[in-house]
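Trainee: Chains Y and V supply the protein sequences, listed in that same order.
The working numbering numbers the first residue of the first sequence as 12 and each following residue consecutively.
The working numbering numbers the first residue of the second sequence as 157 and each following residue consecutively.
Before I ask anything, let me first share the structure, which is written out below as structure tokens.
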Amino acid sequence: MIDRRPFVQKILKNRKDNLRVVSGIGTSTWDIMSAGDNKGNFGFIGAMGQSIPFALGLAKSQPDLRILLFTGDGDTLMSLGSMATVANHPVNNLTIVVLDNESYVETGSQPTATAGKSDLELIAKGSGISNSYTVTNENDYEKIMNTIYVEEGPSLIVVKCQAKATPLVFPYSFDGSVSINRFMSSIKS
Amino acid sequence: MTGINKDWRNDIYAVFKDLNITMVSHVPDAGHTPLINLCEKDNEIDVVTLTTEQDGVGLSCGAYAGGRKSALLMQSSGVGNCINALALPNICRIPFLTIVSMRGEWGEFIPWQVPMGLGTPKVLEAMDIKVFRADYKDEVGSTVDAAARFAFNTNRSAAVLLSQKMIGAKQFKNG
Ligand SMILES: Cc1ncc(C[n+]2csc(CCOP(=O)(O)OP(=O)(O)O)c2C)c(N)n1
Ligand SMILES: [Mg+2]
């Protein structure tokens with residue numbers, strides 16, 4: 012089991028200029044913000060289930076950037092069909108990292124379907140995202156970095172992590188229009 | 157602005173070309189099929205078939221963040237699938253355009269289409285979406301053009317309801 016906060020920070024340390032990072036509602040947004048403020052981040056704080064389609068639209072419109080989505084198992088489970096859409100309208104620059112703590116930590120750590128019988132790697136594979144794999148310890152860091160920056164996507168990595176609550180780290184703004192305009196300014200320049 | 161073509165779907169397509177809308181997502185509805193076919197034939201337009209209409213909201217917003225304009229095509233039942241997702245363009249002030257083929261309102265055969273047919277304008281308005289409506293073929297082009305400009309010029313969400321009166325209500329036959 013991986014301790015997600017330092018792991019996300021490690022992935023985002025010394026990030027390259029061609030990386031843009033999106034996060035789904037829940038702990039993922041606080042995680043990416045904890046790695047330091049960056050105009051190239053856009054964090055969802057609502058619209059649960061929409062982070063995967065958003066990342067797909069972004070990846071499609073910016074083929075020269077590498078798009079990295081961090082999201083939770085709960086957010087992913089809400090829009091499972093989006094995996095099929097990603098698979099069938101492929102983009103080679105998208106990596107989805109599901110921080111799978113097998114629970115809805117943000118709302119009090121109730122177990123999700125992945126605590127039961129469901130397996131997001133298998134669902135991703137069955138949806139047609141063939142480059143899907145699960146990591147359970149930090150030794151796979153290099154492999155993940157290679158997927159994010161080099162491999163042909165779309166890819167989905169299930170990172171099995173501890174279900175512990177971590178301190179909230181707020182984004183630059185809670186106002187979506189401020190966040191998105193700031194993010195878009197990182198793309199124009 | 158667009159001329160009036162024989163098939164009003166061509167008028168919608170002409171607006172897409174005029175305003176540089178290069179991504180069109182949908183869960184198919186028969187009323188949209190000729191437009192989907194036109195878009196499929198166009199190499200400059202990416203057509204994305206969704207598994208649920210709500211994903212078209214996120215997709216459209218992500219595409220816009222990356223600098224591309226898009227439109228979501230769906231039937232009125234699909235509007236019900238989108239409600240929470242519509243918070244995204246709303247709170248981010250991302251222009252969002254959807255074109256809705258209406259069912260359950262004019263000579264409808266299938267009773268199951270009626271609840272969302274009746275609910276569609278109310279649900280959209282409840283989510284602060286500016287609702288436009290085209291009842292006649294010769295107003296489709298100008299209405300879609302107006303809705304698209306409203307959305308992209310004012311950074312808000314707009315929906316065009318294409319009335320069933322215009323699309324036509326299929327009468328199903330048993331056997
Ligand atoms: C439609 C909707 N249902 C429920 C919620 C409440 N909610 C907010 S965050 C969250 C949990 C997210 O779980 P997950 O994606 O696994 O995130 P993590 O465990 O990392 O916090 C829930 C259920 C919501 N915001 N929207
Ligand atoms: Mg979780």
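Even for Gly, the Cβ is constructed at its ideal location relative to N, Cα and C.
The structure displayed is predicted, hence computed values, not measured ones.
Alpha carbon to alpha carbon, how far is Y:R31 from V:F265?
Mentor: Within the first sequence, the letter at position 20 stands for residue 31 of chain Y. Within the second sequence, the letter at position 109 stands for residue 265 of chain V. Cα to Cα, the separation comes out at about 48 angstroms.
Trainee: Would you say the beta carbon of Y:N112 is closer than 7 angstroms to some non-hydrogen atom of ligand 4?
Mentor: With respect to ligand 4, the structure offers nothing, as its ligand set consists of ligand 1 and ligand 2.
Trainee: Run through chain V and tell me which residues come within less than 9 angstroms of Y:P178, C-beta to C-beta.
Mentor: Within the first sequence, the letter at position 167 stands for residue 178 of chain Y. Those do not exist, as Y:P178 stays about 24 angstroms from chain V at its closest Cβ, beyond 9 angstroms.
Trainee: Quick one: list the residues of chain Y neighbouring V:R259, beta-carbon separation under 9 angstroms, in chain order.
Mentor: In the second sequence, the residue the question calls residue 259 of chain V occupies position 103. None at all; the shortest Cβ gap to chain Y is about 22 angstroms.
Trainee: Would the C-beta of Y:T145 count as close to ligand 1, meaning under 7 angstroms from any of its heavy atoms?
Mentor: Reading the first sequence from its first residue, position 134 is the one you call residue 145 of chain Y. Y:T145 Cβ: outside cutoff for every heavy atom of ligand 1.
Trainee: Can you tell which of Y:N148, Y:L133, Y:D75, Y:L79 has the C-alpha that lies nearest to the C-alpha of Y:L88?
Mentor: The residue labelled residue 88 of chain Y in the question sits at position 77 within the first sequence. The shortest C-alpha separation from Y:L88 is found at Y:L133.
Trainee: If we cut at 8 angstroms on Cβ distances, does V:G222 have a partner in chain Y?
Mentor: On the second sequence, residue 222 of chain V is found 66 positions in, with the first residue counted as 1. Closer than 8 angstroms: yes.
Trainee: Would you verify that the beta carbon of V:M157 is, or is not, closer than 8 angstroms to some beta carbon of chain Y?
Mentor: Position 1 of the second sequence, counted from the start, is the residue given in the question as residue 157 of chain V. At V:M157, the pLDDT of 48 sits below 50, so the modelled position is not reliable; the number obtained from the coordinates is stated separately. So no, V:M157 is outside the interface.
Trainee: Looking at the secondary structure, which residues open and close the alpha helix (DSSP H) in which Y:I22 lies?
Mentor: As a first step, residue 22 of chain Y must be located in the first sequence, where it is residue number 11. From DSSP, the alpha helix (DSSP H) with Y:I22 extends over 15-23.
Trainee: Any C-beta of chain V sitting closer than 8 angstroms to the C-beta of Y:Q61?
Mentor: On the first sequence, residue 61 of chain Y is found 50 positions in, with the first residue counted as 1. So yes, Y:Q61 belongs to the interface.
Trainee: Y:F81 lies in the beta strand (DSSP E); which residues open and close that run?
Mentor: Mapped onto the first sequence, residue 81 of chain Y falls at position 70. Residues 77-83.
Trainee: Does the beta-carbon of V:D167 have 16 or more other beta-carbons within 10 angstroms, so that it is buried, or is it exposed?
Mentor: Counted from its first residue, the second sequence places residue 167 of chain V at position 11. Buried.
Trainee: Whose C-beta lies closer than 8 angstroms to the C-beta of Y:L179 among residues of the same chain, with five residues either side of it excluded?
Mentor: Here residue 179 of chain Y refers to the residue found at position 168 when the first sequence is read from its first residue. Answer for Y:L179: W41, listed in chain order.
Trainee: CA-CA distance, Y:M44 and Y:K175?
Mentor: By 1-based counting over the first sequence, the position of residue 44 of chain Y is 33. By 1-based counting over the first sequence, the position of residue 175 of chain Y is 164. So the alpha carbons of these two residues sit roughly 17 angstroms apart.
Trainee: Could you give the residue range of the alpha helix (DSSP H) that holds Y:F194?
Mentor: To locate residue 194 of chain Y, count along the first sequence from 1; it is residue 183. Run containing Y:F194: 187-199, per the alpha helix (DSSP H) assignment.
Trainee: Quick one: does V:C217 have its CB under 8 angstroms from some CB of chain Y?
Mentor: Taking the first residue of the second sequence as 1, we reach residue 217 of chain V at position 61. Chain Y, which has a Cβ nearer than 8 angstroms to the Cβ of V:C217, makes this yes.
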